[in-house]
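The numbering used here applies: residue 3 is where the sequence shown begins, and numbers increase by one.
Virtual Cβ for every residue (Gly too), placed ideally from N, Cα, C.
If you're wondering where the values come from, they're calculated on a predicted model, not measured in any experiment.
Contents: one structure, followed by commentary.
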Amino acid sequence: MPKKEDVLVELLFSKGLVTPSQIEKAKEESKKTGFSLERSLEKMGFITEEDITGIVAESMNVLAVNVDDYLIDSEVTKLVPEEAARRHKVMPLFKIGNTLTLAMVNPKDIMAIDEIRMKSKVSLVEPVYSAEKSIIKAIDQYYGVSDSVEDLIKSIDAAKIPLEATDEAELKILAKQAEQAPVVRLVNMLIMRAVKEKASDIHIEPEDDKVRVRFRIDGILHEISTSPKHLHSVIASRIKILSKIDIAESRKPQDGRIQLKTQNKKLDLRVSTFPTIHGENIVMRILDRSSVLLDMKDLGLGEREHEEFVKLIKYPYGFFLVCGPTGSGKTTTLYSALTAINSMKLNIITVEDPVEYEIPLIRQTQVNPKAGLTFATGLRAILRQDPDVIMVGEVRDKETADIAVQASLTGHLVFSTLHTNDAPNAFVRLIDLGVEPFLISTSVIGIMAQRLVRIICKECKEPYRPPVELLKELGLDEKETFYRGKGCKVCKNTGYTGRIGIFELLTMTDEMKRCLISRASSIEIKKIANKTGFRTLREDGFEKARKGITSLEEVMRVTEKM
3 MPKKEDVLVE
13 LLFSKGLVTP
23 SQIEKAKEES
33 KKTGFSLERS
43 LEKMGFITEE
53 DITGIVAESM
63 NVLAVNVDDY
73 LIDSEVTKLV
83 PEEAARRHKV
93 MPLFKIGNTL
103 TLAMVNPKDI
113 MAIDEIRMKS
123 KVSLVEPVYS
133 AEKSIIKAID
143 QYYGVSDSVE
153 DLIKSIDAAK
163 IPLEATDEAE
173 LKILAKQAEQ
183 APVVRLVNML
193 IMRAVKEKAS
203 DIHIEPEDDK
213 VRVRFRIDGI
223 LHEISTSPKH
233 LHSVIASRIK
243 ILSKIDIAES
253 RKPQDGRIQL
263 KTQNKKLDLR
273 VSTFPTIHGE
283 NIVMRILDRS
293 SVLLDMKDLG
303 LGEREHEEFV
313 KLIKYPYGFF
323 LVCGPTGSGK
333 TTTLYSALTA
343 INSMKLNIIT
353 VEDPVEYEIP
363 LIRQTQVNPK
373 AGLTFATGLR
383 AILRQDPDVI
393 MVGEVRDKET
403 ADIAVQASLT
413 GHLVFSTLHT
423 NDAPNAFVRL
433 IDLGVEPFLI
443 STSVIGIMAQ
453 RLVRIICKEC
463 KEPYRPPVEL
473 LKELGLDEKE
483 TFYRGKGCKV
493 CKNTGYTGRI
503 GIFELLTMTD
513 EMKRCLISRA
523 SSIEIKKIAN
533 KTGFRTLRED
543 GFEKARKGIT
553 SLEEVMRVTE
563 KM
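Printed below as a string of structure tokens:
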């Protein structure tokens with residue numbers, strides 16, 4: 003049986019990554035230093051860490067990983083003692099069921115695997131390969147560091163942290179501090195907690211004397227913790243390093259992206275910084291690809307709306323719009339529509355800002371204004387790619403609206419979003435953008451407006467009778483029973499867990515077309531729609547409240563400004 007080193011050398015030669023003389027030099031270095039052949043090759047600059055990781059894993063027929071890409075839960079590190087992790091050069095990554103995935107410098111070390119399996123009390127250890135340098139770095143960052151936020155804060159030396167990096171020397175100090183184990187652990191704990199609590203956004207907000215952290219959970223912001231003000235610069239620097247944005251720039255907004263793995267999930271964090279009088283405000287949007295709703299049945303559409311929606315998205319051509327404010331689930335609805343019609347027979351192309359979730363078989367691109375790729379220029383280019391279906395992230399200007407309308411009139415099915423409060427006002431918005439009414443009437447096949455409401459917690463759900471005055475004001479039956487959540491441990495005393503959509507779907511009719519050409523108001527359009535069974539957002543919300551899916555107060559909260 004060939005030795006591991008011989009297999010490695012053979013693979014390196016077969017891929018043309020090294021020469022025989024480089025191998026000989028690396029072997030000599032290995033004898034002198036005691037380093038492995040692969041580490042010696044990397045140290046001497048003959049090969050990169052990324053190349054060597056892939057080659058070594060291939061030589062051992064195991065999966066290669068980069069430990070730096072993983073967000074490791076403290077509960078997982080507790081399974082493997084630090085002494086054993088350092089001795090065997092291993093790092094636990096995640097545990098699913100009773101299987102522990104373990105990053106190892108030598109995934110073929112059966113004795114190490116057996117010892118870890120017994121110590122961690124799992125039935126199976128799944129070894130993967132990672133570079134020694136990455137494993138040692140992870141051990142230093144995760145072990146010997148407290149799980150308590152308070153202890154972590156105390157362990158960070160305030161005297162060594164510049165409040166603001168004003169020169170190159172201070173910038174280097176800040177960058178170095180941002181890589182220290184307590185800071186790394188603090189930021190990792192913050193992200194891990196947000197993931198566990200199913201937060202959509204993490205807000206890090208500097209104030210005069212402290213740094214406030216808030217999570218947006220089910221659409222509502224909740225304060226999670228506060229930290230001393232001196233930690234702001236180092237926390238901000240750590241997040242900037244992770245998202246590959248300029249840590250020296252704090253006077254203008256910046257955007258970045260962090261990609262992490264935790265358990266069997268891939269997380270995408272979109273990072274936005276914004277200068278304020280007390281320092282940079284940072285918001286991280288968490289995109290959990292495993293939790294996106296791509297099945298239309300799960301969106302919350304009523305029976306009539308679901309049937310109409312399915313018909314509309316199967317049209318051979320036309321313009322379909324989804325409306326609502328930021329964070330109302332518009333993109334999820336469009337992804338669900340695309341997934342429903344996706345097939346080998348169709349060429350579906352999107353231009354988005356940003357691409358939130360990747361869908362197999364669909365060509366997706368992201369706008370890049372600096373490179374000249376806007377919604378309008380992207381849409382023009384897409385039309386030369388022989389598309390059947392096009393999704394444009396948002397109609398923001400006349401140019402994009404005009405091209406989308408023309409595309410829908412020339413045999414393409416076009417999906418997009420628009421920022422309006424309800425469906426009838428979408429027509430008015432398109433006219434305001436400069437699109438001719440007769441073009442709108444012949445291109446638009448349907449418009450759907452939506453909001454997200456919180457779902458009542460099933461564990462503490464109870465029936466109740468709202469005040470009679472409120473029911474009268476809303477035009478509801480005074481004898482009707484509604485539901486609410488009392489608050490419990492499961493829902494963290496909020497009374498809600500998860501969210502669902504409420505919708506209004508307007509389908510184009512001949513009468514509506516005639517009305518549009520004469521530039522009718524949204525009120526007149528709504529009157530015509532009512533003849534076809536059109537149901538408003540509030541009406542759909544009230545129906546879900548009657549069924550005990552959400553509460554009356556929640557429906558009023560998201561529709562009160564309409």
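Membership of residue 131 in the beta strand (DSSP E) is indicated by the continuous run 126-131. For residue 276, the secondary structure class from DSSP, reduced to helix, strand or coil, is strand. Going by beta carbons, residue 317 and residue 415 fall inside the 8 angstroms limit. The criterion of a C-beta distance shorter than 8 angstroms is not satisfied by residue 327 and residue 224. Counting of Cβ neighbours within 10 angstroms places residue 242 among the buried residues, the total reaching 16 or more.
In the displayed model, residue 472 falls within a helix according to three-state DSSP. Per DSSP, residue 409 is one residue of the alpha helix (DSSP H) stretching across 400-411. For the options 353, 539, 376, 485, the alpha carbon positioned closest to that of residue 452 is the one of 539.
Residue 171 sits exposed, since fewer than 16 C-beta atoms from the chains shown fall within 10 Å of its C-beta. Counting only runs of 4 or more residues that sit fully inside the segment 305-336, the alpha helix (DSSP H) segments are 305-314, in chain order. As computed with DSSP, residue 465 is found in a beta bridge with 485. Contact check for residue 530 against residue 509 fails: the beta carbons are separated by 8 angstroms or more. Note that the segment 426-443 does not touch the segment 388-395; fewer than 3 beta-carbon pairs, one per stretch, sit closer than 8 angstroms. Residue 240 counts as buried, since at least 16 other C-beta atoms from the protein chains shown sit within 10 angstroms of its C-beta. The C-alpha of residue 7 lies about 12 angstroms from the C-alpha of residue 108.
Straight through space, the alpha carbons of residue 490 and residue 455 are spaced by roughly 19 angstroms. Uninterrupted alpha helix (DSSP H) stretches at least 4 residues long and entirely within the segment 27-58 occur at 39-45, given in chain order.
Where residue 104 is concerned, the enclosing beta strand (DSSP E) starts and stops at 101-106. If you check the CB distance, residue 73 and residue 262 come in under 8 angstroms. Within the segment 494-552, the complete alpha helix (DSSP H) segments of 4 residues or longer fall at 512-519, 524-532, 539-548, listed in chain order.
In this structure, the alpha-carbon of residue 447 lies about 6 angstroms from that of residue 322. Distance between residue 83 and residue 258, taken at the CA atoms: about 35 angstroms. Rounded to whole angstroms, residue 29 and residue 68 show a C-alpha spacing of 25 angstroms. The beta carbon of residue 274 is closer than 6 angstroms to those of 257, 285 in its chain, skipping five residues each way along the sequence. Of all C-beta pairs linking the segment 92-102 to the segment 123-134, three or more are shorter than 8 angstroms, placing the two stretches in contact. For the set 387, 386, 383, 418, the Cα lying nearest the Cα of residue 399 is the one of 418. By the Cβ neighbour-count rule, residue 190 is buried, with 16 or more other Cβ atoms within 10 Å of its own.
Just so you know, the alpha carbons of residue 226 and residue 526 end up roughly 47 angstroms apart. Cβ neighbours of residue 380 within its own chain (closer than 7 angstroms, five residues either side excluded): 353, 367, 369.
Residue 144 is classed as buried because its beta carbon has at least 16 other beta carbons within 10 Å across all chains shown. The three-state reading of DSSP puts residue 261 in strand, counting E and B together.
Annotated as proximal: residue 485 and residue 465, with beta-carbon spacing under 8 angstroms.
Relative to residue 358, the option among 264, 270, 439 whose CA is nearest is 270.
In the three-state DSSP reduction, residue 253 falls in the coil class, being neither helix nor strand.
Only residues of its own chain outside the window of five on either side were considered, and among them 302, 455, 502, 504, 552, 557 have a CB closer than 8 angstroms to the CB of residue 546, listed in chain order. Apart from the 5 residues on each side of it in sequence, residue 476 has no Cβ closer than 7 angstroms to any other Cβ in its chain.
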